[in-house]
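Here the sequence shown stands for residues 1212 to 1299, numbered as in the working numbering. In what follows, a single structure is set out as structure tokens and then discussed.
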Amino acid sequence: MANSIPERAEFDENVDLGDHDELLIFHLKVKDIEFTMGLSDVLACLKFAEKEGLVPKLPIEWWCQMYGFYPELHETIEEPDEEDYEML
1212 MANSIPERAE FDENVDLGDH DELLIFHLKV KDIEFTMGLS DVLACLKFAE KEGLVPKLPI
1272 EWWCQMYGFY PELHETIEEP DEEDYEML
């Protein structure tokens, strides 16, 4: 059985500059239903896909820059074990 989305939202190419909480707000539409999605939601989806191995990992420096804009996306970065330091 194919994994498909029955009603895919269409990007209507309207993008608003956000406010202090969102840098960008995307406008989407499914049939007659219009809704918006903030850049933080898109980044949260990307982070999930990255964790699941569905997209290549982005550099930690890139994520750190995004965390500066959206601190709620930040996850604790694990410190290397002593054994990891010995391997360096």
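Quick reminder that beta carbons are idealized off the backbone N, C-alpha and C, glycines included.
Exercise. In angstroms, rounded to a whole number, what distance separates the CA positions of Lys1258 and Leu1234?
Worked result: As a working note, residue 1258 is residue 47 in the sequence shown. As a working note, residue 1234 is residue 23 in the sequence shown. CA-CA distance, Lys1258 to Leu1234, rounds to 17 Å.
For this session: Determine the direct distance from the alpha carbon of Lys1268 to that of Glu1254, and round the result to whole angstroms.
Result: Residue mapping note: residue 1254 aligns to position 43 of the sequence shown, counting from 1. Residue mapping note: residue 1268 aligns to position 57 of the sequence shown, counting from 1. Sequence check: residue 1254 is Leu here, not Glu. Spanning the two alpha carbons is a distance of roughly 13 Å.
Problem set entry | Assigned secondary structure, Glu1218 (DSSP; H/G/I helix, E/B strand, else coil) | Numbered from its first residue, the sequence shown carries residue 1218 at position 7. Residue state, collapsed to three classes: coil.
For this session: Whole angstroms is fine: what's the gap from Asp1243's alpha carbon to Leu1228's?
Result: Your numbering for residue 1243 matches position 32 in the sequence shown. Your numbering for residue 1228 matches position 17 in the sequence shown. In this structure, the straight-line span from the alpha carbon of Asp1243 to that of Leu1228 is close to 24 Å.
Exercise. Where Glu1224 and Phe1280 are concerned, what is the direct C-alpha to C-alpha distance, given to the nearest angstrom?
Worked result: Within the sequence shown, the letter at position 13 stands for residue 1224. Within the sequence shown, the letter at position 69 stands for residue 1280. C-alpha of Glu1224 to C-alpha of Phe1280: approximately 23 Å in a straight line.
Exercise. How would you label Trp1273, buried or exposed, when you count the other beta carbons within 10 angstroms and need 16 or more for buried?
Worked result: Against the sequence shown, residue 1273 aligns to sequence position 62. Trp1273 is exposed by the Cβ-count criterion.
Exercise. In terms of alpha-carbon separation, which member of Met1248, Leu1239 and Asp1232 lies closest to Glu1218?
Worked result: Numbered from 1 along the sequence shown, position 7 holds the residue referred to as residue 1218. The shortest C-alpha separation from Glu1218 is found at Leu1239.
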